[in-house]
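Have a look at the structure below before the remarks.
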Ligand code: 2NE
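Residue numbers (the UniProt record's numbering): 65 to 321.
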């Protein structure tokens, strides 16, 4: 896959069906259940930026390669005492920048989820505007997971994941499923199947795995039949309670105000 400047992407695929108005961004690390590293996030941000600026694109699908995972969150192999690092990064959790980019992007972003959407991957689907899930989808937060490694009078915990998202990963979840259920998800680190997630308000629809792409494209086509101006302003309005004033002027940027 080539990005807008012709430079190869390594961690993602980026495709545009220009006649249709749909862009598809796929995390391409199936051997790691589509976990992301800092470099993956940089590529995702470049692709989202291109889709945003391309006036022929009206809806963006975010997905993961294969059927086993949408995304399993931050690549644990890249975690150091300095945070997530890779060959061109100092430790920084740049996925938070991507979350903000998706929330402020004045076009609908639809998460197409097969398999696991866990940890930071679960947060990613939550910050998308809509989620279509396959029947094999599994949702959950793993960040609080820890194991007891030894006892010296009181519990001493050896932290296994010990990572959490106290930004959108908490606030948007609470908005979607309610504060009690959000605390259950974070405190207990349970996994939920697609139908449980639908009942909780985490996903818009559950479809057979073999129909996932077809159904997602169908939702995109329905969106694309509607007014892009109405949709971009509605997205800002619907996000305003959580995003504050920062996101409000974004849909008007296109009109050179
Ligand atoms: C996703 C899950 C439940 C899948 O389980 P399963 O049994 O289907 O696959 P398996 O065998 O665990 O994983 C397959 C390969 O993918 C790697 C594994 O290490 C394994 O590699 P090999 O042994 O074949 O070499 N893999 C899977 N997830 C990975 C990851 N996140 N990073 C690096 N390699 C990964 C199961 O794999 C699972 O529970 N994965 C870990 C989920 C997790 O804890 N994610 C990080 C949460 S923290 C986070 O995302 C985050 C943050 O740190 C800060 C802010 C926001 C978010």
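All C-beta atoms in this analysis are idealised placements derived from N, C-alpha and C, irrespective of residue type, glycine included.
Excluding sequence positions up to five before and after residue 109, its CB lies within less than 7 Å of the CB of 161, 162 and 165, all in the same chain and listed in chain order.
For the pair residue 130 and residue 94, the CB atoms are nearer than the 8 Å cut-off. Annotated as distal: residue 181 and residue 192, with beta-carbon spacing of 8 Å or more. DSSP places residue 177 in the uninterrupted beta strand (DSSP E) bounded by 173-177.
A straight-line Cα-Cα distance of about 6 Å links residue 196 and residue 270.
Separation of residue 203 and residue 257 (C-alpha to C-alpha, rounded to the nearest whole angstrom) is 6 Å.
Residues of the same chain with a CB within less than 8 Å of the CB of residue 76, apart from the 5 flanking positions on each side, are 65, 89, 90, 91, 92, 104, 107, 108 and 111 in chain order. Checking the DSSP bridge columns, you'll see residue 273 has no partner listed. For the 8 Å CB-CB criterion, residue 86 and residue 281 form a contact. With respect to residue 101, residue 126 sits apart: the two C-beta atoms are not nearer than 8 Å. According to DSSP, residue pairing for residue 199 in a beta bridge does not occur. For residue 201, the CB stays at least 7 Å from every heavy atom of the ligand 2NE.
8 Å or more divides the Cβ of residue 167 from the Cβ of residue 268. Residue side-chain check: residue 141 places its Cβ nearer than 7 Å to a non-hydrogen atom of the ligand 2NE. For the 8 Å CB-CB criterion, residue 252 and residue 190 do not form a contact. Rounded to the nearest whole angstrom, the CA to CA distance from residue 81 to residue 284 is 12 Å. The beta carbons of residue 206 and residue 183 sit closer together than 8 Å.
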